[in-house]
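Asker: Questions regarding the structure given below will be posed in turn.
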Amino acid sequence: MNLKELMEKRTKAWDEAKSFAESKKDENGLMSDEDFKTYEEMERSIENYTREIERKKREEEMDKTLEKPTTQALTNEPATFNEEEKPMRARNVYKKSMMKALRTNFRDISNELKVGTDES
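Numbering of the sequence shown is given in this note's numbering, commencing with residue 16 and proceeding in unit increments.
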């Protein structure tokens with residue numbers, strides 16, 4: 016039974032309970048003990064419908080929450096490697112240029128080995 020059907024049944028039960036209470040009143044506007052017990056049973060069924068409706072709503076909210084992905088897929092945001100954010104001596108370009116300079120006895124010095132570019 017879905018949420019809409021439960022709400023319709025609760026509304027129908029409430030209308031029946033109201034009409035029952037109005038029809039069973041005597042000239043003083045009071046109900047007999049038997050009629051009052053019957054009316055209380057009708058109220059209990061309405062409260063049961065209300066509890067079931069609230070439970071169904073919580074269940075639907077929980078289902079919506081659990082349907083959401085727990086993490087983002089790796090394909091959505093591929094990793095970007097930005098070497099420009101590192102200080103100069105930590106970059107691979109500096110490392111390769113320094114190794115080349117050491118191997119060639121500093122004959123071929125590249126721009127990566129400039130003085131004063133170290134940010135650390």
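The beta-carbon is built from N, C-alpha and C at its ideal position, and this holds for glycine as well.
Going by beta-carbon coordinates alone, are A28 and Y54 separated by less than 8 angstroms?
Answerer: no
Asker: For the candidate residues R118, V108, T119, T26, whose alpha-carbon lies nearest to that of T65?
Answerer: T26
Asker: Rounded to the nearest angstrom, what separates S34 and N17 at their Cα positions?
Answerer: 26 angstroms
Asker: Of all the beta strand (DSSP E) runs that stay within the bounds of the stretch 39-74, which reach a length of 3 or more residues?
Answerer: none
Asker: I'd like to know whether the C-beta atoms of K79 and L21 end up nearer to each other than 8 angstroms.
Answerer: no
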